[in-house]
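The opening residue of the sequence shown carries number 432 in the working numbering; numbering runs sequentially from there.
For each residue, glycine too, the CB sits at the ideal point set by N, CA and C.
The structure under discussion appears below in the form of structure tokens.
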Amino acid sequence: MGTKKMAAQFNDAQDMETRRLLVRLTEDPKGLFQHIRSEAAAIILRVTYGYAINPHEPDPLMLLIDTMMDNFSKAFVPACWVVDSIPLLRFLPSWLPGMSFKTTAADWLRINHQANDVPYAFVQQQMQKSTHRPSYVSQQIEQSTRDGTLAMDRDVEDTIKWTASVMYGGGSDTTAGVISAFFQAMVMFPDVQAKAQREIDTVVGSSRLPELQDQDQLPYVSAVVKEALRWFPITPMGVSHVNEEEIEYAGFTIPKGSIIMPATWWFQNDPQVHANPSSFEPERFMAPRNEPDPAQTIFGHGRRVCPGRFLADMSLFLTLSRVLAVLDVRKAVDKSGQPIDAKLQFQPGMISRPAEFPFDIAVRSPSHARLVQDVASLLPKEAGDDTLLDLGTR
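Given below as structure tokens:
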């Protein structure tokens, strides 16, 4: 996943799911937030496990992993758990008053194991029948197979399982959060939407959807993608790192073994770097302003940089450009016809998302409606792989 070439293996999955999103938004615009989560989950589950979600009803694997990720985000809230402040409490029995965190931890650990084991077992089952789709997990298993025999120890297998789970969390929740922030920005900054649509109309027209190969000819739309990443940092405090040696920085001595939290939100909102940071201004990434690309900090640092950053860039460009191409995202109106302001609010957690906001979505024109109808008619009729899961797997 760490290169553009590797990410390009999954272009077809991204293309199909972004098309499905457009159809769903046209048929059921009020379901925006669920549609966003379904699109992001469908792409990353296809990439990670070769798994097709149920397109017609809530998918059990998606729900299971979403539960794990919600728990994960809650677990990382600083000072949320009393044991963080008093570590000795972890040695006390769970039946004592105030020890409920131990029961919670045990329940969440069980969910973690199930979320790791169930999709991994699905891939193994499909590979045994030679019906699997290429995926991260299937590729890792194939690399560990010698003369038809699986040659990996338990540690390697566990590493594949856990890295696959991290891929889902890093790819689904974060992508869904950025897309949600984009929709809110279009409600709050309609001039940006209009300018992006004019560029798409000029370059692409209204008879087809934007494709990945159009990206270089759509510089303003590409800047919209960058601004969506910057305007609403999905991991406001990043992921903790431990420095391997003592360093001096800005007059401070940082001892070896120190835990360092990157202030990702501030990196994107420092007025010395990004002028008027609370405003959604894609022009900041174009000449003559040329402000720093948020991808330099938003996807992590050093050896821990997100390996799915190229996949995310492709997915976001396809989704945002296609939404802009065929849909108008506007302020909702109240019963008296007055527009309702959409205030930007952050949901707490290690992975943050915008709180739900009022909106209105409509197809831009009759010709765009016909385009979406054509897209819908060409979508494959998949039933999903949920019936193949063994949800009792531990």
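At 4 residues or longer, and completely inside the stretch 729-759: list those alpha helix (DSSP H) runs for me, N to C. 740-757
C-alpha distance - ALA439 paired with MET583, whole-angstrom precision: Counting from 1 along the sequence shown, the entry for residue 439 is found at position 8. Counting from 1 along the sequence shown, the entry for residue 583 is found at position 152. Going by the C-alpha atoms only, they are around 28 Å apart.
Straight-line CA distance for ASP816 to ALA483? As a first step, residue 816 must be located in the sequence shown, where it is residue number 385. As a first step, residue 483 must be located in the sequence shown, where it is residue number 52. For ASP816 and ALA483, the distance between alpha carbons rounds to 5 Å.
Is DSSP giving PRO713 helix, strand or coil here? Position 282 of the sequence shown, counted from the first residue, corresponds to residue 713. If DSSP states are grouped into helix, strand and coil, PRO713 belongs with the helices.
Grouping DSSP H, G and I as helix and E and B as strand, with all else coil, what is TYR482? Along the sequence shown, read from residue 1 onward, the residue named residue 482 stands at position 51. Coil, per DSSP.
The beta strand (DSSP E) spanning PHE830 covers which residue range? The chain is shown only over 432 to 825; residue 830 falls outside these bounds and no answer can be derived.
Three-pair Cβ contact test at 8 Å for the stretch 740-760 versus the stretch 673-687: no
If you scan the stretch 776-818 from start to end, which runs of the alpha helix (DSSP H) of 4 or more residues do you find wholly inside it? 797-809
GLU679, enclosing beta strand (DSSP E) - first and last residue: Locating residue 679 in the sequence shown gives position 248, counting from the first residue. Segment 678-680, the beta strand (DSSP E) holding GLU679.
Under the three-state DSSP convention, the category PHE683 falls into: The residue labelled residue 683 in the question sits at position 252 within the sequence shown. Note: PHE683 maps to strand in three-state DSSP.
Through-space distance from ARG761 to PHE785, alpha-carbon basis: As a first step, residue 785 is located in the sequence shown; it is residue number 354 there, counting from the start. As a first step, residue 761 is located in the sequence shown; it is residue number 330 there, counting from the start. First, the residue type needs correcting, since residue 785 is Pro and not Phe in the sequence shown. One C-alpha to the other measures close to 17 Å.
How should TYR480 be labelled, buried or exposed, when 16 other C-beta atoms within 10 angstroms of its C-beta is the threshold for buried? Sequence index remark: in the sequence shown, residue 480 carries index 49 (1-based). Buried, because 16 or more other Cβ atoms sit within 10 Å of the Cβ of TYR480.
Classify THR576 as helix, strand or coil using the three-state DSSP reduction. In the sequence shown, the residue the question calls residue 576 occupies position 145. In this structure, THR576 counts as strand in the three-state DSSP scheme.
Taking 8 Å as the limit between beta carbons, can you name the residues of its chain near TRP593, skipping five residues before and five after? Along the sequence shown, one-based indexing puts residue 593 at 162. Closer than 8 Å at Cβ, skipping near neighbours: ASN547.
Per DSSP, what kind of secondary structure is PRO770 in: helix, strand or coil? Within the sequence shown, numbered from 1, the residue matching residue 770 stands at position 339. The answer is strand: DSSP assigns PRO770 an E or B state.
Do the stretch 665-675 and the stretch 646-654 make contact, defined as three or more Cβ pairs closer than 8 Å? no
Spatial neighbours of PRO664 within its chain, please: CB distance less than 7 Å, with the 5 preceding and 5 following residues excluded, ordered by chain position. On the sequence shown, position 233 is the one that residue 664 refers to. Around PRO664: THR695, TRP696, GLN699, ILE729.
Range of the contiguous alpha helix (DSSP H) that encloses TRP512: Translated into the one-based positions of the sequence shown, residue 512 becomes position 81. Note, TRP512: premise wrong, no alpha helix (DSSP H); not H, not E.
Report buried or exposed for GLU470, applying the criterion of at least 16 other Cβ atoms within 10 angstroms of its Cβ. As a working note, residue 470 is residue 39 in the sequence shown. Buried, since its Cβ has 16 or more Cβ neighbours within 10 Å.
Integer-rounded CB distance, given that ARG468 should sit under 8 Å from ALA607: Working through the sequence shown from its first residue, we reach residue 607 at position 176. Working through the sequence shown from its first residue, we reach residue 468 at position 37. Confirmed, Cβ separation roughly 5 Å.
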